[in-house]
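Colleague: Just so you know, the UniProt record's numbering puts 147 at position 147 of the sequence shown, and the rest follows in order with no gaps.
Ideal Cβ positions, reconstructed from N, Cα and C, are used throughout, including at glycine.
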Amino acid sequence: MMSQFSALTSALMPHLMLAPIALPLLTAALMLLLREERQRLKLGLNILSTLLGLVISIALLRWSHQAGSTLTMGVYLPGNWPAPFGIVLALDRLSAMMLALTSGVALCSIVFSATRWHRAGVHYHPLFQFQLMGLAGAFLTADLFNLFVFFEIMLAASYGLLLHGSGRTRIQAGLHYIAINLAASSLFLIGASMLYGITGTLNMADLARAIPQVAAADRGLLHAAAGILATAFLIKAAVWPLNFWLVPAYSAATAPVGALFALMTKVGVYTLLRLWTLMFSSEAGPSALFGGLWLIGGGMLTMAFGAIGMLGSQRLTHLAGFAAVLSSGTLLAAAGFGQNLLTAGLLYYLPSSTLAVSALFLLADLIDRWRNDGSSLDVDDEDAPFLNAQLIPTPGLNLDEDEVVLIGRVIPAAAAFLGLAFLVCTLVVAGLPPLSGFVGKFTMLTALLNPMGLGSSAGHQLGLPGWTLLALMIATGLLALIALTRVGVRHFWAAHDRPTPRLRIAEGLPVAVLLAGCIALTLQADSVMRFTLATANALHSPGTYINAVMSTVPRPGPTHAGPSPAATTPGGTTP
């Protein structure tokens, strides 16, 4: 029975690859049929669909890790046409990890918005689901054309989410956001069309096979096309100087939307990492490691810009936006070296920093409301037991200036929760021990100091860029610590005559879950690092991905009675 169940599970799992795209699409379509007044029903559908998506993503993550152990990966042909002619979805460890991360952040975001933000405008829930559909499609697709389609779905939904809640600031930031992303989409089309003209394909695996065979006379044009295409992704990855739009846009968005947008920069990083390791790996002939030094240089400049921006920020939302920029710069610079040990470290750091930045956006909303008007945090009676404590004087000797007992005074639980959550965010973003931000940075620093360590792959050597990145990782961590500590002192230690904050369950729980994810990454660091190392090894040995996509055979169609030697199935296989 167990063997039959395992066989059935193995047969069904590849079909689940379509679920992260189809589920939000169907949910959004259903919610569009409902009247706008049915907000509670839409909220329930949104939470249920996102929770189901998280369960599916975790199942795919477990399956991809098991499948990866036998050097296989999941490939799904929705139209039953073989690559490179048909639509192809490919699932490996990296895409599965990004799906799980997206679903987790999205679930926390929609639960947080259940308190009030989802009612601040129209069509919030359908837009939220379309956003998830675009993100999932970008992580699963295996060709550039459909990557563009999912990018546009994701961006179209993000335009509406950014403007959710209206207001002059959001509209102004939204117009800038729309303009820069339309320019990025244009560059995407130009770069993709040039690549198609040179190689005759847009399938990622087929591109990887074709690039080493490009004629020498066309290689300069090939590199120009790749550079134009990369610029579009670098805009999404918030590389300097193309990131001027990010902080105003993300800080203007509502808190749950800002938390979800923390994933958007990681889409650019994911796409660059995916395409660069496929198209310009060490097996790409004369184009091997093309653009790596540009990624390193751009990433380091972005790190410096993000850290200085954090140091100069006074608003919490701006601080969170620059933290997202700093995280993205660190990932880009590390990816440019093309070494599997360094890539393993950045893949560990990626989910950790994303969770922390998302939590920081949510915390910024709670802390700002507490600081400006504590009454806005009032809750219903049924929510009061959560994160709420009364001031209980305890006999002691020390008194404050109002002759109120200091020793034994109880810190309000809500204030303690906000302070501890902010402290955890500070430790992760700054990369301080003992949490996951430190583990990720320490792993990358170790790879930089020992580039030829056991199991390392060929790539750019340490040299001056490596030492510069090492120094920047330490310096930017220090600047981030100073910036976050200064803000924490101002909001928690230097606060006077402020009412005790009281939080709803739906506000505190998402923050706690996001930060619990960072703690879980720390506690399971060994297992997670084994996973990310296997992921990095597969990325820098793209032959497995290429062979899996190109060798997948369409399923045979139904047979017909009588001889029909000329008949073929939709995939082109003779019955």
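For threonine 169, which residues in the same chain have their Cβ closer than 7 Å to its Cβ, ignoring the five residues on either side in sequence?
Modeller: If you number the sequence shown from 1, residue 169 lands on position 169. Contacts found: Ala252.
Colleague: Are there three or more Cβ pairs, one per stretch, closer than 8 Å when the region 224-234 is compared with the region 86-102?
Modeller: Short answer: they don't touch.
Colleague: Taking buried to mean at least 16 other C-beta atoms within 10 Å of its own C-beta, is aspartate 526 buried or exposed?
Modeller: As a working mapping, residue 526 is identified with position 526 in the sequence shown. Per the 10 Å Cβ criterion, exposed.
Colleague: Give me, in chain order, the residues of the same chain whose beta-carbon lies closer than 6 Å to that of threonine 271; leave out the 5 immediate sequence neighbours on both sides.
Modeller: Translated into positions along the sequence shown, residue 271 becomes position 271. So the qualifying residues of the chain are Phe233.
Colleague: Go through its chain and collect everything with a Cβ distance to valine 487's Cβ below 7 Å, but skip five positions before and after it.
Modeller: Along the sequence shown, read from residue 1 onward, the residue named residue 487 stands at position 487. If we look at valine 487 and ignore the five residues flanking it on each side, its Cβ neighbours are Leu316, Leu319.
Colleague: Do you know offhand how far leucine 427's Cα is from arginine 555's?
Modeller: By 1-based counting over the sequence shown, the position of residue 427 is 427. By 1-based counting over the sequence shown, the position of residue 555 is 555. Leucine 427 and arginine 555: Cα-Cα distance of roughly 51 Å.
Colleague: Valine 149 lies in the alpha helix (DSSP H); which residues open and close that run?
Modeller: Taking the sequence shown and counting its residues from 1, the one referred to as residue 149 is at position 149. Looking at the DSSP string, the run of the alpha helix (DSSP H) that includes valine 149 is 144-162.
Colleague: Tell me whether the region 271-290 and the region 440-448 touch, counting them as touching only if at least three CB pairs, one residue from each stretch, are closer than 8 Å.
Modeller: Contact fails: fewer than three Cβ-Cβ distances are below 8 Å.
Colleague: Can you tell me the Cβ-Cβ gap for glutamate 507 and leucine 366, rounded? I've got them flagged as a contact below 8 Å.
Modeller: Here residue 507 is taken as the residue at index 507 of the sequence shown, counted from 1. Here residue 366 is taken as the residue at index 366 of the sequence shown, counted from 1. Yes, glutamate 507 and leucine 366 are in contact; Cβ-Cβ is about 6 Å, under 8 Å.
Colleague: Buried or exposed: tryptophan 63, going by 16 or more other Cβ atoms within 10 Å of its Cβ?
Modeller: As a first step, residue 63 is located in the sequence shown; it is residue number 63 there, counting from the start. Classification for tryptophan 63: buried.
Colleague: When the distance is taken between beta carbons, is leucine 355 closer than 8 Å to glycine 517?
Modeller: As a working mapping, residue 517 is identified with position 517 in the sequence shown. As a working mapping, residue 355 is identified with position 355 in the sequence shown. Cβ distance < 8 Å, so glycine 517 and leucine 355 count as in contact.
Colleague: What is the rounded straight-line gap between the Cα of tyrosine 348 and the Cα of isoleucine 211?
Modeller: The residue you call residue 348 lines up with position 348 of the sequence shown. The residue you call residue 211 lines up with position 211 of the sequence shown. For tyrosine 348 and isoleucine 211, the distance between alpha carbons rounds to 30 Å.
Colleague: Which same chain residues end up closer than 6 Å to asparagine 181 when comparing Cβ atoms and leaving out the 5 residues on each side of it in sequence?
Modeller: As a working mapping, residue 181 is identified with position 181 in the sequence shown. So the qualifying residues of the chain are Leu155.
Colleague: Looking at the structure shown, is alanine 413 part of a helix, part of a strand, or coil, going by DSSP?
Modeller: What you label residue 413 is simply residue 413 of the sequence shown in a count that begins at 1. Three-state result, alanine 413: helix.
Colleague: Using DSSP with H/G/I as helix, E/B as strand and the rest coil, what is valine 267?
Modeller: Against the sequence shown, residue 267 aligns to sequence position 267. Looking at valine 267 - three-state DSSP - the assignment turns out to be helix.
Colleague: Looking only at its chain, what residues have a beta carbon closer than 7 Å to the beta carbon of alanine 100, apart from the 5 residues adjacent to it on each side?
Modeller: If you number the sequence shown from 1, residue 100 lands on position 100. Same-chain partners within the cutoff: Ser57, Ile58, Leu61.
Colleague: Does DSSP put asparagine 537 in a helix, in a strand, or in coil?
Modeller: In the sequence shown, counting from the first residue as 1, residue 537 sits at position 537. If DSSP states are grouped into helix, strand and coil, asparagine 537 belongs with the helices.
Colleague: Who are leucine 89's beta bridge partners in DSSP?
Modeller: As a working mapping, residue 89 is identified with position 89 in the sequence shown. According to DSSP, leucine 89 bridges with Tyr76, Thr141.
Colleague: Please check the pair leucine 346 and leucine 331, which I expect to be a contact at CB under 8 Å, by giving their CB distance rounded to whole angstroms.
Modeller: Locating residue 346 in the sequence shown gives position 346, where the first residue counts as 1. Locating residue 331 in the sequence shown gives position 331, where the first residue counts as 1. That belief holds up - the Cβ atoms of leucine 346 and leucine 331 are roughly 5 Å apart, short of 8 Å.
Colleague: If you compare alpha carbons, which of Ala205, Ile110, Ser193 is closest to leucine 161?
Modeller: Working through the sequence shown from its first residue, we reach residue 161 at position 161. It is Ile110.
Colleague: Please state the DSSP three-state secondary structure of threonine 544.
Modeller: The residue you call residue 544 lines up with position 544 of the sequence shown. Three-state DSSP puts threonine 544 in a helix.
Colleague: Hey, leucine 521 and serine 313 are a contact pair by Cβ (cut 8 Å); roughly how many whole angstroms apart?
Modeller: Your numbering for residue 521 matches position 521 in the sequence shown. Your numbering for residue 313 matches position 313 in the sequence shown. About 26 Å separates the two Cβ atoms, so there is no contact after all.
Colleague: Starting from the C-beta of valine 214, find all residues in its chain whose C-beta is less than 8 Å away, skip the five residues before and the five after it, and write them out in chain order.
Modeller: Against the sequence shown, residue 214 aligns to sequence position 214. The residues are Ile198, Thr199, Leu222, Ser287.
Colleague: Which residue or residues does DSSP assign as beta-bridge partners of leucine 203?
Modeller: In the sequence shown, the residue the question calls residue 203 occupies position 203. Looking at the sequence itself, residue 203 is asparagine, so the reference to leucine does not match. BP columns for asparagine 203 point to Asp143.
Colleague: Put leucine 51 into one of helix, strand or coil per three-state DSSP.
Modeller: In the sequence shown, the residue the question calls residue 51 occupies position 51. Correct three-state label for leucine 51: helix.
Colleague: Can you tell which of Met73, Thr532, Met17, Met133 has the C-alpha that lies nearest to the C-alpha of leucine 341?
Modeller: If you number the sequence shown from 1, residue 341 lands on position 341. Nearest of Met73, Thr532, Met17, Met133 to leucine 341, Cα basis: Thr532.
Colleague: What are the start and end residues of the alpha helix (DSSP H) that includes phenylalanine 442?
Modeller: Numbered from 1 along the sequence shown, position 442 holds the residue referred to as residue 442. Taken as a continuous stretch (DSSP letters only), the alpha helix (DSSP H) holding phenylalanine 442 covers 436-449.
Colleague: Quick check on DSSP: helix, strand or coil for histidine 123?
Modeller: Residue numbering aside, residue 123 sits at position 123 when the sequence shown is read from its first letter. Coil.
Colleague: Quick one: Cα of tyrosine 124 to Cα of leucine 418, how far?
Modeller: In the sequence shown, residue 124 corresponds to position 124, counting from 1. In the sequence shown, residue 418 corresponds to position 418, counting from 1. Looking at the two C-alpha atoms, the distance is approximately 27 Å.
Colleague: Between the region 289-306 and the region 462-478, do three or more beta carbon pairs fall short of 8 Å?
Modeller: Yes: the two stretches touch, three or more of their Cβ pairs being nearer than 8 Å.
Colleague: Counting contacts by CB-CB distance shorter than 8 Å, is serine 358 in contact with chain C?
Modeller: Among the chains in the structure shown there is no chain C, since it carries only a single protein chain.
Colleague: Quick check: the Cα distance between leucine 449 and alanine 142, rounded to an integer number of angstroms?
Modeller: Walking along the sequence shown from the start, residue 449 turns up at place 449. Walking along the sequence shown from the start, residue 142 turns up at place 142. Near 35 Å, if we compare the C-alpha coordinates of alanine 142 and leucine 449.
Colleague: For residue 641 and leucine 260, what's the separation of their Cα atoms in angstroms?
Modeller: Since the first residue shown for the chain is 1 and the last is 575, residue 641 is missing from the structure and cannot be characterised.
Colleague: Whole angstroms is fine: what's the gap from alanine 106's alpha carbon to glutamine 131's?
Modeller: Within the sequence shown, numbered from 1, the residue matching residue 106 stands at position 106. Within the sequence shown, numbered from 1, the residue matching residue 131 stands at position 131. Going by the C-alpha atoms only, they are around 10 Å apart.
Colleague: Is it buried or exposed for threonine 44, if we count other Cβ within 10 angstroms and need 16 for buried?
Modeller: Taking the first residue of the sequence shown as 1, we reach residue 44 at position 44. Strictly speaking, residue 44 in this sequence is glycine, with threonine absent from that position. By the neighbour-count rule (16 or more Cβ atoms within 10 Å), glycine 44 is not buried but exposed.
Colleague: Among Val528, His65, Leu127, Ser436, which residue has its Cα nearest to the Cα of leucine 514?
Modeller: What you label residue 514 is simply residue 514 of the sequence shown in a count that begins at 1. Closest by alpha carbon: Ser436.
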